[in-house]
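Comments concern the structure below.
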């Protein structure tokens with residue numbers, strides 16, 4: 190993320206987002222820049238107007254939350270809630286396993 194933050198900082202300062210500038214920003218922040226990562230970020234930003242992308246990103250509003258379902262007063266609702274919690278726990282574990290693959 191530091192590399193992206195560096196690119197955003199250069200853009201906000203009105204400086205060109207290039208290898209030299211990004212390396213200097215990262216070094217000033219105490220990050221040891223990796224030349225391959227710098228080049229990869231610059232390649233992905235080639236032809237992208239960062240200011241325009243940021244302006245468009247700010248215009249998207251977060252979707253409204255759905256209203257909560259009314260509670261059932263019989264004992265059946267509690268069993269269903271427990272089953273849902275168990276199912277949700279499994280999916281969270283699976284999601285965590287998938288995320289661990291991203292970060293090694």
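In this note's numbering, the protein residues as written are 190 to 293. All residues carry an ideal CB built from backbone N, CA and C; glycine is no exception. Note that the structure is predicted; figures quoted are calculated from it, not measured.
1) Give a yes or no on whether the C-beta atoms belonging to residue 199 and residue 206 are separated by under 9 Å.
2) Start and end of the alpha helix (DSSP H) containing residue 191?
3) Near residue 252, what residues of its chain come up, given a Cβ to Cβ distance below 6 Å and the 5 sequence neighbours on each side ignored?
4) Are there 16 or more other CB atoms within 10 angstroms of the CB of residue 193, so buried, or fewer, so exposed?
5) Determine, using beta carbons only, whether residue 197 and residue 239 come nearer to each other than 9 Å.
6) Under the three-state reduction of DSSP, which class applies to residue 279: helix, strand or coil?
7) Tell me the residue span of the alpha helix (DSSP H) that contains residue 210.
8) Please report the straight-line C-alpha distance between residue 229 and residue 258, rounded to a whole angstrom.
9) Would a C-beta distance cut-off of 9 Å place residue 222 and residue 231 closer than the cut-off?
Put simply:
1) yes
2) 191-201
3) none
4) exposed
5) yes
6) Confidence in residue 279 is poor, its pLDDT being 49 and thus under 50, which makes the residue's placement unreliable; the coordinate value appears in the next sentence. Correct three-state label for residue 279: helix.
7) That run of the alpha helix (DSSP H) goes 208-217.
8) When rounded, the separation of the alpha-carbon atoms in residue 229 and residue 258 is 47 Å.
9) For the 9 Å CB-CB criterion, residue 222 and residue 231 do not form a contact.
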